[in-house]
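To start, the structure under review is shown below, and the notes come after it.
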């Protein structure tokens with residue numbers, strides 16, 4: 015390399031430059047040449063390498079290569095190339111100035127380290143594009159592992175950068191951090207707890223992206239939008255966003271409606287209280303003689319629900335006598351509706367219950383209710 019530098023100086027001397035100006039001009043020329051070579055290398059990488067890789071991945075039937083080797087990853091990789099060119103040319107340019115060479119070499123090494131880590135993080139983040147509407151347990155487990163790996167990589171990167179700046183061995187710095195392990199554990203305790211909770215959630219297949227969950231203690235009732243090590247983002251049906259920690263979901267309890275959505279029908283259970291004084295037996299010689307009006311009412315409602323177009327006829331339909339209270343004789347209605355979305359489910363439930371309220375009058379039944387004057391007297 016020194017011979018190349020000497021040759022450049024001879025060319026400059028041949029152009030009429032003499033004295034100390036030869037060294038200055040030769041260094042300027044080599045710096046400009048190095049910068050131009052670095053820019054050219056990045057241009058070739060962006061304009062030739064990136065389109066070529068994208069065309070190759072587009073022709074394959076597999077989807078993973080389109081996602082993992084996407085444009086962001088490739089462009090981030092191309093940003094490392096100019097620094098590698100500069101790194102290789104520094105000994106040629108500044109062999110007479112070891113101090114400048116050492117300073118620029120360290121700065122270039124830091125840049126290469128940072129950009130390499132950035133490329134790795136972009137690569138890991140690309141795996142999120144592989145998921146569909148529902149994130150599988152295996153995918154969520156990989157994302158949890160990747161999140162921890164990213165934290166470790168960033169931590170190691172900081173150590174490497176410090177070692178480059180102060181010209182120290184990275185292993186020596188890592189050994190010196192042993193005494194500070196307690197502080198590090200305290201600083202990353204939420205991340206560690208989140209990792210353990212995330213692994214428990216995914217290993218038991220408890221939660222996925224797109225699931226409808228309800229966490230009453232946190233005011234969450236909606237679709238899961240994002241799952242990370244430290245939080246689960248839930249968008250409620252009123253478009254408010256609630257963040258819940260994985261630790262809260264694991265230590266506490268939450269309701270996942272995935273099972274309901276994957277199967278036919280959504281169960282509804284309602285109770286109506288009837289006045290005991292309106293219950294009577296049928297009299298006369300008819301077939302219903304001796305049968306109470308509330309029994310015939312229950313049989314009628316069960317038959318009516320079985321023929322209702324909005325009720326799943328293949329699922330159990332039950333109209334039963336529940337435990338009586340001071341509010342009256344309790345009749346419980348349990349059935350499965352075809353509509354599973356919140357709006358349709360509530361509308362269909364209202365239609366059915368309104369008929370049940372009105373049908374009781376046809377059998378001589380009165381729904382129990384307290385009037386203001388009764389409440390005052392009590």
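Numbering (our numbering), first residue to last: 15 to 392. Note that the Cβ used here is the ideal one computed from N, Cα and C, for glycine as well.
Spatial distance of residue i from residue j (CA atoms)
i, j, result
"residue 147", "residue 100", "Any answer about residue 147 is weak, because its pLDDT of 48 lies below 50 and its placement is not dependable; what the coordinates show is given next. Residue 147 and residue 100: Cα-Cα distance of roughly 45 Å."
"residue 108", "residue 161", "41 Å"
"residue 211", "residue 239", "18 Å"
"residue 66", "residue 136", "20 Å"
"residue 168", "residue 244", "17 Å"
"residue 104", "residue 115", "6 Å"
"residue 133", "residue 102", "21 Å"
"residue 278", "residue 206", "39 Å"
"residue 62", "residue 139", "24 Å"
"residue 319", "residue 325", "7 Å"
"residue 221", "residue 214", "10 Å"
"residue 60", "residue 266", "50 Å"
"residue 69", "residue 49", "30 Å"
"residue 297", "residue 248", "59 Å"
"residue 253", "residue 180", "51 Å"
"residue 336", "residue 165", "57 Å"
"residue 71", "residue 159", "26 Å"
"residue 183", "residue 120", "14 Å"
Start-to-end residues for the beta strand (DSSP E) that takes in residue i
i, result
"residue 332", "332 to 335"
"residue 61", "Taken as a continuous stretch (DSSP letters only), residue 61 belongs to no beta strand (DSSP E), as it is neither H nor E."
"residue 351", "343 to 351"
"residue 339", "Run containing residue 339: none; DSSP gives neither H nor E here."
"residue 380", "Residue 380 -> no beta strand (DSSP E), and no H or E assigned at all."
"residue 236", "234 to 241"
"residue 250", "246 to 250"
"residue 281", "280 to 288"
"residue 326", "It is not in any beta strand (DSSP E) - residue 326 carries neither H nor E in the DSSP assignment."
Neighbourhood of residue i by C-beta, 6 Å cutoff - its chain only, sequence neighbours within 5 removed
i, result
"residue 289", "342, 380 and 382"
"residue 283", "348"
"residue 373", "none"
"residue 51", "99"
"residue 384", "none"
"residue 334", "346"
"residue 236", "248, 249, 250 and 251"
Buried versus exposed, by CB contacts within 10 Å (16 or more), residue i
i, result
"residue 246", "buried"
"residue 362", "buried"
"residue 226", "buried"
"residue 377", "buried"
"residue 311", "buried"
"residue 230", "exposed"
"residue 332", "exposed"
"residue 234", "buried"
"residue 42", "exposed"
"residue 251", "exposed"
"residue 304", "exposed"
"residue 112", "exposed"
"residue 375", "exposed"
"residue 260", "buried"
"residue 117", "exposed"
"residue 46", "exposed"
"residue 255", "exposed"
"residue 54", "exposed"
"residue 87", "buried"
"residue 264", "buried"
Boundaries (first-last residue) of the alpha helix (DSSP H) holding residue i
i, result
"residue 85", "85 to 92"
"residue 372", "356 to 376"
"residue 123", "112 to 139"
"residue 264", "260 to 265"
Residue i vs residue j beta-carbon contact at 9 Å
i, j, result
"residue 178", "residue 97", "no"
"residue 280", "residue 351", "yes"
"residue 394", "residue 258", "The question about residue 394 has no answer here: the residues shown for the chain are numbered 15 through 392."
"residue 223", "residue 141", "no"
Same chain, Cβ closer than 7 Å to residue i, five either side skipped, listed in chain order
i, result
"residue 292", "378, 379 and 380"
"residue 370", "286, 315 and 347"
"residue 367", "284"
"residue 269", "227 and 228"
"residue 338", "344"
"residue 175", "124 and 127"
Contact set for residue i: own chain, Cβ-Cβ below 8 Å, skip 5 residues either direction
i, result
"residue 131", "167, 168 and 171"
"residue 394", "Residue coverage of the chain in this structure runs from 15 to 392, which leaves residue 394 outside it and unanswerable."
"residue 92", "56, 59, 60, 63 and 64"
Proximity test, residue i beta-carbon vs the ligand GDP heavy atom, cut-off 8 Å
i, result
"residue 179", "In the structure shown, the ligand GDP is absent, as is every other ligand, since no ligand is present at all."
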